[in-house]
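If you use the working numbering, the sequence shown closes out at 295, no skipped numbers anywhere.
Every residue, glycine too, gets a C-beta built ideally from N, C-alpha and C.
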Amino acid sequence: MRVVIDTNVFVSSARGGLPRKVIDLVDEGKLTLCISPEIVKEYLRVFQRLRIDERYLQKLLLYFEEADSILIDAIYTKLQLVEGDPDDDKFIECAAALKADYIITGDKALLRVSNYKKIKIVTPKQFLDLFYNIT
Numbered sequence: 161m162r163v164v165i166d167t168n169v170f171v172s173s174a175r176g177g178l179p180r181k182v183i184d185l186v187d188e189g190k191l192t193l194c195i196s197p198e199i200v201k202e203y204l205r206v207f208q209r210l211r212i213d214e215r216y217l218q219k220l221l222l223y224f225e226e227a228d229s230i231l232i233d234a235i236y237t238k239l240q241l242v243e244g245d246p247d248d249d250k251f252i253e254c255a256a257a258l259k260a261d262y263i264i265t266g267d268k269a270l271l272r273v274s275n276y277k278k279i280k281i282v283t284p285k286q287f288l289d290l291f292y293n294i295t
């Protein structure tokens with residue numbers, strides 16, 4: 161199953177909880193993370209700005225370099241779907257380019273889109289509920 165994970169979920173995963181459970185599923189190879197260079201830049205910029213635990217940031221960087229369960233795409237169609245926060249369109253663009261099944265986010269503007277084509281946009285809790293009912 162392919163997923164795009166919004167920055168806010170990665171940030172929250174540093175503190176544990178449901179976002180960490182989502183990241184753990186990627187770590188365990190149960191999910192394939194879909195990212196783009198734009199998304200990685202945002203992850204790193206936000207982690208550094210928030211001064212997230214340096215060890216966690218290093219783990220994340222290493223993870224992007226070495227993980228087998230990551231797909232990266234740099235070529236995709238520009239969309240304008242997220243009202244109020246057009247910067248979030250990059251998550252839908254990446255999901256569409258890499259044929260992701262879900263975008264996992266806590267962002268209200270992105271959640272209002274709810275789906276694009278066959279891509280569902282859900283919270284970490286909604287995703288985990290769906291994941292454990294599917295598997």
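I'd like the list of long-range same chain contacts for residue 203, defined as Cβ closer than 6 angstroms, with 5 residues on each side in sequence excluded. The answer, listed in chain order, is 167, 170.
CA-CA distance, residue 195 and residue 289? Just so you know, the alpha carbons of residue 195 and residue 289 end up roughly 23 angstroms apart.
Based on DSSP bridge pairs, tell me the residues matched to residue 292. Beta-bridge pairing links residue 292 to no other residue.
Assumed close pair residue 279, residue 270 - CB separation to whole angstroms, cut-off 8 angstroms: The beta-carbon separation of residue 279 and residue 270, rounded to 11 angstroms, does not stay under the 8 angstroms limit for a contact.
Does residue 259 pass the burial test, meaning 16 or more other C-beta atoms within 10 Å, or should it be called exposed? Exposed.
Is the beta carbon of residue 161 less than 8 angstroms from the beta carbon of residue 191? It is a contact, given that the beta carbons lie within the stated cut-off.
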